[in-house]
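Below is one structure, written out as structure tokens; the observations come after it.
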Amino acid sequence: MGTKMNTVGTILASVFITLLISGAGIYFGLPLLFPNIVNGETTNGEVVIQSKYQEFNSSDQIRDDDLIPSKMLDTEMNITTQGNTKLSVSFDVQLTLLLSDNFNGGAFYHITLQIEGVKNETVELSEYYNGPIGELVQYTKYIEISFETGNLPASTYNISVLWNSKFAGLTSSTLYVVVYPVDNCYRTISAQEIMVNA
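Mapping the sequence shown onto our numbering, position 48 (from 1) lands on 300, and the numbers just tick up by one.
Printed below as a string of structure tokens:
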């Protein structure tokens with residue numbers, strides 16, 4: 253009888269420890285594995301209603317004569333809000349700027365993160381080159397843009413990225429989205445819907 257009780261006790265203890273460890277693993281592991289389903293509080297105590305994150309890996313490019321802002325290919329997402337909330341959005345990307353073999357001067361590009369009809373934020377990417385002519389020059393640039401909105405009504409909002417050149421130079425430059433999946437060089441948009449404190 254004593255041996256059976258010890259076996260049952262050992263099994264129950266093993267099950268309890270397994271459940272305890274599994275529960276802790278799920279509680280602490282899910283936020284790392286699935287950041288887009290984790291809701292709760294931000295570091296400053298605001299309540300996050302929902303989070304959304306998306307990676308994009310299609311290739312795209314613009315040249316220095318592309319002066320009219322255009323949407324970066326496949327780089328947008330929608331988020332539907334419940335109202336009386338604000339959005340915190342961010343975009344990050346690694347870009348390659350390629351200067352032609354006769355380039356001399358400056359290249360200037362704008363990258364804009366926008367919530368259509370609500371707000372946008374623009375950063376300028378620029379590079380000056382006055383080196384030897386006759387060789388292609390390439391620069392890698394990392395860009396991150398983020399902002400928050402004010403109080404928004406319930407709706408579906410489109411978040412996208414625009415880009416354009418500031419002016420057409422006498423010599424050419426091209427800005428590429430860097431896409432090397434083996435190096436994890438994806439561009440990403442993330443958004444959080446945050447409850448507005450009354």
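All C-beta atoms, glycine included, are put in the ideal place defined by N, C-alpha and C.
Going by the CB atoms, is the gap between residue j and residue i shorter than 8 angstroms?
| i | j | result |
| --- | --- | --- |
| His362 | Glu373 | no |
| Leu350 | Leu325 | no |
| Gln313 | Leu427 | yes |
| Gln302 | Ala406 | no |
| Asn354 | Ile385 | yes |
| Asn382 | Asn356 | yes |
| Leu352 | Ser425 | The sequence shown places Ser at residue 352, not Leu. Cβ atoms of Ser352 and Ser425: closer than 8 angstroms. |
Contact check, residue i vs residue j under 8 angstroms by CB: the rounded distance?
| i | j | result |
| --- | --- | --- |
| Lys304 | Ser442 | 7 angstroms |
| Asp345 | Ile395 | The sequence as given places Val at residue 345; Asp does not occur at that position. Yes, Val345 and Ile395 are in contact; Cβ-Cβ is about 5 angstroms, under 8 angstroms. |
In chain order, what residues of the same chain lie with their CB nearer than 6 angstroms to the CB of residue i, ignoring the 5 residues before and after it?
| i | result |
| --- | --- |
| Asp317 | Ala420 |
| Thr392 | Thr348 |
| Thr408 | Asn330, Thr332 |
| Val370 | Thr401 |
| Thr364 | Asn372, Thr374, Leu414 |
| Phe360 | Ser378, Lys418 |
| Tyr248 | Look at the range of the chain in this structure, 253 to 450, and you will see that residue 248 is not part of it. |
From the DSSP output, in three-state form, read off residue i for me.
| i | result |
| --- | --- |
| Tyr438 | coil |
| Ala231 | Any property of residue 231 remains undetermined from this structure, which presents the chain solely from 253 to 450. |
| Lys338 | strand |
| Asn416 | strand |
| Ser343 | Note that residue 343 is Phe in the sequence shown here, rather than Ser. Residue state, collapsed to three classes: strand. |
| Thr453 | There is no way to answer for residue 453, as the model of the chain reaches only from 253 to 450. |
| Leu319 | coil |
| Asp312 | coil |
| Gly383 | coil |
| Thr327 | strand |
Below 8 angstroms CB to CB, which residues in the same chain sit around residue i once its five sequence neighbours on both sides are set aside?
| i | result |
| --- | --- |
| Tyr438 | Glu307, Phe308, Asn309, Val431 |
| Lys338 | Glu400, Thr401, Gly402, Asn403, Leu404, Glu445, Ile446, Val448 |
| Ile367 | Leu339, Val341, Thr401, Tyr409, Asn410, Ile411 |
| Glu328 | Asn410, Ile411, Ser412, Val413, Ile441 |
| Leu323 | What sits at residue 323 in the sequence shown is Lys, not Leu. If we look at Lys323 and ignore the five residues flanking it on each side, its Cβ neighbours are Ser412, Val413, Leu414. |
Return the chain-ordered list of same chain residues with a C-beta closer than 7 angstroms to the C-beta of residue i, the five sequence neighbours on each side being excluded.
| i | result |
| --- | --- |
| Leu284 | Because Leu284 sits at a pLDDT of 49, beneath the cut-off of 50, its placement in the model cannot be relied upon, and the following sentence gives the value as read from the coordinates. Cβ within range, chain order: n/a, list empty. |
From the DSSP output, read off the bridge partner residues of residue i.
| i | result |
| --- | --- |
| Leu351 | Val389, Ser425 |
| Gly357 | Tyr381 |
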